[in-house]
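Each remark here refers to the structure printed beneath this line.
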Amino acid sequence: MRMRIILRAIRADARFRGGICRLRKMPMHTRNAPVQDPARLMDSALGGVPQAWRQAIWLERPNEGINLCGMNGRPGEDWAFESASAPALALSILLEGQMEAAFEDGAVFGLGAGQALLMAAGQHTRGWNVLSGAGPFRLLNLHLSPQALRGLTGMGMQDMQALLRQARHGMRHLDACAAVLPVFSQLQRIAVELARQQGCLPDCKAKSALLCAKAAEALAAVLQHCSIEQGHGQLRRAVPADRPRLLRANALLESACEQPWSVAALAQAVGLNEKRLQAGFQALYACSVHERLTAIRLDLAQSLLAQGHSIAQTAQRCGFGSASHFSKVFSRQLGMPPRQWASGQLGQ
């Protein structure tokens, strides 16, 4: 019998900067714990989940093969467990906290707040997860069967694996691969919107349709992000030399959208002239630098408003000069003032 290897209990240290970690031994107290299957958590009524974590978990299954699991709380204790899953695509979006996830006898991934893990497995897999309960923990996990993946996107599991293997981590002994991604503004907004729907809509059909649509939107955002990063097809031919600097420029806008970025300042920061920066953004993102910055700011604004932040706070956090200017831009892009939009979200 193969020796099983698992992670040690989480410690808040430099290991949680994201990426692949070395293998570590399983804590003894988890060896007899029930194995968790993300697709069956709802059916098992959270069997085997520690009480401290039960209070932080919500589950939804809007359609066959589409399983959503959200966690939001301060459990106060770590949770280490073995996991098993049939072939599936899993997207874990970590908004707050720290965690590790691993394939059995494969790669181990350490995640911190603001990182996401995308896994695509074409076979039954086993692995481990360790979730840190030392501080606030917010996670959204989307788990799709191959049939559900094809129904939402028209893509098969092999298509997803081919996309990930080109620039990410495949495991030769497994029909599986994975990627650690940043939680970019669009993905953060979608995750917050999904979490907001928990327990909100009384009409089950309307709620299921909305959750399925948001799940598809999350996958589309991730696929677009991966395609741009890897420079597929026409994208690679359009900006063969400038692509790394353009990706860096977009990352700067994502990480510091509150800054008063000008085209000149951004071009200088990444070492491109303004004309090539603008042309590159048109090729990669089909918009100007200013339009891209506005889209990033509005994605963040929707996330903040959905969490109850005020108009003034949101405007400041997103880099708008004033609440009135923010309201004007928001209304023009989304068709209603931010106060009305927020009332609809919070009223649910």
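Residues in the sequence shown are numbered from 1 upward in steps of one, following UniProt numbering. Backbone N, C-alpha and C define an ideal beta-carbon position, used for all residues, glycine too.
Here residue 333 really is in contact with residue 298; their C-beta atoms are around 6 angstroms apart, less than 8 angstroms.
Residue 250 carries a helical assignment under DSSP once its states are collapsed to helix, strand and coil. In this chain, residue 326 is not harboured by any beta strand (DSSP E); it is covered by the alpha helix (DSSP H) spanning 323–334.
If you ignore the 5 residues before and after residue 147, its C-beta comes within less than 8 angstroms of the C-beta of 64, 65, all in its own chain and listed in chain order. Between the C-alpha atoms of residue 100 and residue 216 there is a straight-line separation of about 25 angstroms.
For residue 137, the closest alpha carbon among the candidates 328, 211, 73 is that of 73. The residue from 301, 308, 249 with its alpha-carbon nearest to that of residue 284 is 249. Less than 8 angstroms separates the beta-carbon of residue 133 from that of residue 79.
Taking the Cβ atoms as the reference, residue 287 lies roughly 17 angstroms from residue 301, outside the contact range of under 8 angstroms. Taking C-beta separations shorter than 6 angstroms and ignoring five residues to either side along the sequence, the partners of residue 191 in its chain run 93, 140, following chain order.
As the crow flies, the alpha-carbon of residue 91 is around 20 angstroms from that of residue 254. Per the DSSP secondary-structure output, residue 125 pairs in a beta bridge with 85. Inter-residue distance for residue 222 and residue 179 is about 11 angstroms (C-alpha atoms, whole angstroms).
The continuous alpha helix (DSSP H) containing residue 146 extends over residues 146–153. Contact check for residue 88 against residue 121 passes: the beta carbons are separated by less than 8 angstroms. Selection 103, 282, 130, 218 evaluated against residue 112 yields 130 as nearest (Cα-Cα).
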